[in-house]
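Working notes for the structure below.
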Amino acid sequence: MEQKIYEIVKLLSDKKAQDIVVLDISKLTIIADYFIICSASNVQHVKAIVDEIEEKEPMHILRIEGKESFRWVVIDFGDIILHIFHEKEREFYNLERLWIDAQKVEIAAL
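Be aware that the sequence shown starts at 0, since it is given in numbering that gives the first Met the number 0, and climbs by one per residue.
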């Protein structure tokens, strides 16, 4: 699992995703074990990140939502759900606050 998270975070970092956060939600819900949340400065940046993930991780992707507007794209890997936000949407929805009880995973430790 850690390897898969590391690979996704590395791809996000390579595409200059901002404010990357990994939350362990495994004890709070059955929908997934981890959320990875990141921001992009504009719609084109969100699209570039999504394109990179689709190109490099196609076998692991179960579903993608939000490609109509590229303001909030959710990529479901099964045990990991990746949220790629336009920075304004991230500020508005503030998933970190909604999942305040989730354990934050130190990315450097991966």
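Cβ atoms here follow ideal geometry from the backbone N, Cα and C, with glycine treated the same way.
Pick out whichever of Thr-28, Lys-26, Glu-53 and Ser-25 has its Cα sitting closest to the Cα of Leu-11.
Residue 11 sits at position 12 when you count from the first residue of the sequence shown. It is Glu-53 whose Cα lies nearest to the Cα of Leu-11.
Ile-79 vs Ile-7 beta-carbon contact at 8 Å
By one-based count along the sequence shown, residue 79 stands at place 80. By one-based count along the sequence shown, residue 7 stands at place 8. Cβ distance < 8 Å, so Ile-79 and Ile-7 count as in contact.
Please confirm if the stretch 62-71 is in contact with the stretch 18-27, defined as three or more CB-CB distances below 8 Å between the two stretches.
Not touching, per the Cβ criterion.
Got a sec? Which residues, its chain only, sit under 8 Å from Leu-61 by beta carbon, not counting five neighbours each side?
Taking the first residue of the sequence shown as 1, we reach residue 61 at position 62. These residues qualify, in order along the chain: Asp-75, Phe-76 and Gly-77.
Tell me the rounded alpha-carbon separation between Val-49 and Ser-40.
Position 50 of the sequence shown, counted from the start, is the residue given in the question as residue 49. Position 41 of the sequence shown, counted from the start, is the residue given in the question as residue 40. The straight-line gap from Cα to Cα measures roughly 14 Å.
Is it true that the CB of Arg-96 sits closer than 8 Å to the CB of Ser-38?
Taking the sequence shown and counting its residues from 1, one reaches residue 38 at position 39. Taking the sequence shown and counting its residues from 1, one reaches residue 96 at position 97. No Cβ-Cβ contact shorter than 8 Å links Ser-38 with Arg-96.
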